[in-house]
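Visitor:
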Amino acid sequence: MDLYLYEENVTERLIREWKKYGSLVVAYDFDNTVYDYHKEGHSYECVIQLLREAKKLNAYLMVYTARRDRELSFVKEYLEENNIPFDSINETPDFIPFSDGKKLYYNILLDDRAGLPSAYRCLLNAVTYMNDVEEEQRKVVKKEMRSTEYDLRIRESYHGTGGKDEYKYELYNNNGEKIGVLGHLPVECNYDNAVSVNGVAYIILSIYGSQDPNEEKEKVIYYELKRYQCNPDFDLGEMIEHMADVK
1 MDLYLYEENV TERLIREWKK YGSLVVAYDF DNTVYDYHKE GHSYECVIQL LREAKKLNAY
61 LMVYTARRDR ELSFVKEYLE ENNIPFDSIN ETPDFIPFSD GKKLYYNILL DDRAGLPSAY
121 RCLLNAVTYM NDVEEEQRKV VKKEMRSTEY DLRIRESYHG TGGKDEYKYE LYNNNGEKIG
181 VLGHLPVECN YDNAVSVNGV AYIILSIYGS QDPNEEKEKV IYYELKRYQC NPDFDLGEMI
241 EHMADVK
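Residue numbers 1 to 247, in UniProt numbering, belong to the letters of the sequence shown in order.
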């Protein structure tokens with residue numbers, strides 16, 4: 001059978017083009033596709049909802065209607081009043097390189113007189129797939145954002161030619177405010193990503209050298225710590241009071 005008589009092949013092409021270009025041109029008819037032309041009480045909410053979902057995924061929505069030009073203002077008003085998304089009416093988008101042809105360009109057409117059930121299923125499957133892709137991407141972004149959050153940051157700087165006493169340790173909160181100067185490093189910061197400060201477990205998010213050109217003359221290392229488990233009676237201010245001269 002012909003390649004695109006198989007709906008899975010149609011869906012696969014939509015997904016492939018969506019991934020490649022970051023968008024699709026979805027054309028849809030007006031009368032009896034999203035509008036009850038004969039006033040018979042029909043609902044077109046499934047198609048309308050699919051258009052809304054496609055729009056969220058950056059689809060370009062083009063109304064493709066046989067209505068006369070003088071009627072297009074009604075089409076526009078109806079779509080706007082009923083929150084039915086559209087980007088153009090009977091116009092190929094400008095980003096299509098061959099927009100001067102007589103046929104309007106689209107990746108798929110939803111039309112009650114042009115195989116609407118099949119086109120609806122194919123677009124729905126593509127939208128569902130792309131939604132899953134976006135959800136996975138959001139999880140990755142959220143995870144990466146979480147990894148940049150820290151509760152404490154220790155600034156270790158070295159002054160002198162040697163000796164333990166020539167290290168200075170400053171403590172900052174997650175707003176970047178200096179909250180204390182430590183007499184010594186309260187934890188053994190290492191690359192095992194697990195440390196303990198006064199009975200509180202921390203995860204080491206990152207260890208990195210200073211990027212400030214004004215700090216080139218001294219060795220500066222930052223330790224960013226994320227609180228993992230916390231004793232409810234633990235007071236960070238008390239810990240600093242015991243371990244440092246708070247300034």
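Just so you know, even glycine gets a beta-carbon here, dropped at the ideal spot from N, CA and C.
1) Using a threshold of 8 Å, state whether the C-beta atoms of I179 and Y169 are closer than that.
2) Using beta-carbon positions only, say whether V26 and N107 come within less than 8 Å of one another.
3) Hey, how far is the Cα of E71 from the Cα of A119?
4) Excluding five sequence neighbours on each side, which residues of the same chain lie with their C-beta closer than 6 Å to the C-beta of D31?
5) Using a 10 Å radius around the Cβ and a threshold of 16 neighbouring Cβ atoms, would you call E224 buried or exposed?
6) Quick one: Cα of L14 to Cα of K102, how far?
7) Would you tell me roughly how many angstroms separate the C-alpha atoms of N58 and P93, rounded to the nearest one?
8) Assign Y105 to one of three DSSP states: helix, strand, or coil.
9) What residues in its chain sit with their C-beta under 8 Å from that of K55, if we drop five residues either side in the sequence?
10) So, at 8 Å on beta carbons, what are the nonlocal neighbours of Y172 in its own chain, with the 5 sequence-adjacent residues on each side left out?
11) With a Cβ-Cβ cutoff of 8 Å, do I207 and K226 count as a contact?
12) Less than 8 Å between the beta carbons of N82 and T65, yes or no?
Guide: Here's the rundown:
1) Counting from one through the sequence shown, the residue named residue 179 turns up at place 179. Counting from one through the sequence shown, the residue named residue 169 turns up at place 169. Not in contact: I179 and Y169 (Cβ atoms no closer than 8 Å).
2) As a position in the sequence shown, residue 26 is number 26, starting the count at 1. As a position in the sequence shown, residue 107 is number 107, starting the count at 1. The answer is yes: Cβ separation under 8 Å.
3) In the sequence shown, the residue the question calls residue 71 occupies position 71. In the sequence shown, the residue the question calls residue 119 occupies position 119. Taking C-alpha positions only, E71 is separated from A119 by approximately 26 Å.
4) One-based indexing of the sequence shown puts residue 31 at position 31. Here D31 has Y37 as same chain residues with Cβ atoms under 6 Å from its own Cβ, once five neighbours each way along the sequence are excluded.
5) Locating residue 224 in the sequence shown gives position 224, counting from the first residue. Buried.
6) For the purposes of this step, residue 14 is taken as the residue at position 14 of the sequence shown. For the purposes of this step, residue 102 is taken as the residue at position 102 of the sequence shown. L14 and K102 have their C-alpha atoms spaced approximately 23 Å apart.
7) Taking the first residue of the sequence shown as 1, we reach residue 58 at position 58. Taking the first residue of the sequence shown as 1, we reach residue 93 at position 93. Pairing N58 with P93, the inter-Cα distance amounts to about 13 Å.
8) Along the sequence shown, read from residue 1 onward, the residue named residue 105 stands at position 105. Correct three-state label for Y105: coil.
9) Here residue 55 refers to the residue found at position 55 of the sequence shown. Contacts found: L61 and P85.
10) As a position in the sequence shown, residue 172 is number 172, starting the count at 1. Excluding sequence neighbours, Y172 sits near L152, R153, I154, R155, K178 and I179.
11) Stepping through the sequence shown from its first residue, residue 207 is reached at position 207. Stepping through the sequence shown from its first residue, residue 226 is reached at position 226. In this structure, I207 keeps its C-beta atom at 8 Å or more from the C-beta atom of K226.
12) As a first step, residue 82 is located in the sequence shown; it is residue number 82 there, counting from the start. As a first step, residue 65 is located in the sequence shown; it is residue number 65 there, counting from the start. No, these two residues do not count as a Cβ contact at 8 Å.
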